[in-house]
Structure formats: structure tokens, C-alpha cells
Amino acid sequence: MYFYQTMTIHCIDKHIRSIEKAINGEYSAIHFYARLATLAPDINERTQILEIRQDEQRTVDFYLEIADGTTNQQVKETFQRATADEQNHAVWFLYYFSKQNKK
Numbered sequence: 000m001y002f003y004q005t006m007t008i009h010c011i012d013k014h015i016r017s018i019e020k021a022i023n024g025e026y027s028a029i030h031f032y033a034r035l036a037t038l039a040p041d042i043n044e045r046t047q048i049l050e051i052r053q054d055e056q057r058t059v060d061f062y063l064e065i066a067d068g069t070t071n072q073q074v075k076e077t078f079q080r081a082t083a084d085e086q087n088h089a090v091w092f093l094y095y096f097s098k099q100n101k102k
């Protein structure tokens, strides 16, 4: 019984880390596409980029709905931490991106 519980906890932890990584990737993509859209040379490219960004946002919203709907405190905290971390990463990513463009 103990082995089964340990393996179950290990699998849950692994899934939580995978979901956290996915959320981080989505937030980075959202911010990247927003910035990229401002650099698009024409309205058609800008529209396409913004549609991609909107799709990324829907994915993030889906992840956050899961986090909000869970009663598992560990899952909830992981999603909340991932959201805060990704917002921070996005700010840094945009900072470096804009700094590079000024050179």
C-alpha cells in the first residue's frame, strides 16, 4: 500500500510540473505575439499574429479554469505560482526583446 501511495504522489507531482511548464510556455507566447504584432509590416500579418495570440490566451484561460476549479491545494498553489512566475518572465522577455531592437 505504501509503495502505491508513493508512486501516485510521484506521478501527481510530475504532472503538476508538466502543467506548470506548459502554462509558462503559453504566457511567454502570448506576450511574444503581442510584441511581434506591433512589428508586423502590414495589417494581414498583424491580424494573423493577433489570432495566434488569442488562441494562446484561450489555452491559458483553460489552464486557469482548471486551477480555479480544483479543491487540491497543491494543484491550486502550483497554478497560481506558475501564473505569477510567467508574468515575471514575460516582463523580462519583453525587456530584453525591446533592448535588442534598440541596438
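Counting in numbering that gives the first Met the number 0, the sequence shown runs from 0 upward without gaps.
We treat Cβ as the ideally placed atom computed from N, Cα and C, and that holds for glycine.
Worksheet entry | alpha helix (DSSP H) runs wholly inside the stretch 34 to 68, at least 4 long, in chain order | Secondary structure within the stretch 34 to 68: the alpha helix (DSSP H) runs of 4 or more consecutive residues, fully enclosed, are 42 to 68 (chain order).
Worksheet entry | Stretch pair the stretch 17 to 26 + the stretch 55 to 62: three plus CB contacts closer than 8 Å | Segments in contact, yes.
Practice prompt. Give me the Cα-Cα distance between Ile8 and Tyr26, rounded to the nearest whole angstrom.
Written response: Roughly 27 Å separates the two Cα atoms.
Item to complete: Compute the Euclidean distance between the alpha carbons of Thr37 and Asp54, then round it to the nearest angstrom.
Response: So the two alpha carbons sit approximately 17 Å from each other.
Item to complete: Can you give me the Cβ contacts of Gln47 inside the same chain, cut-off strictly under 6 Å, excluding the 5 residues immediately before and after it?
Response: Excluding residues within five positions, none has a Cβ falling inside 6 Å.
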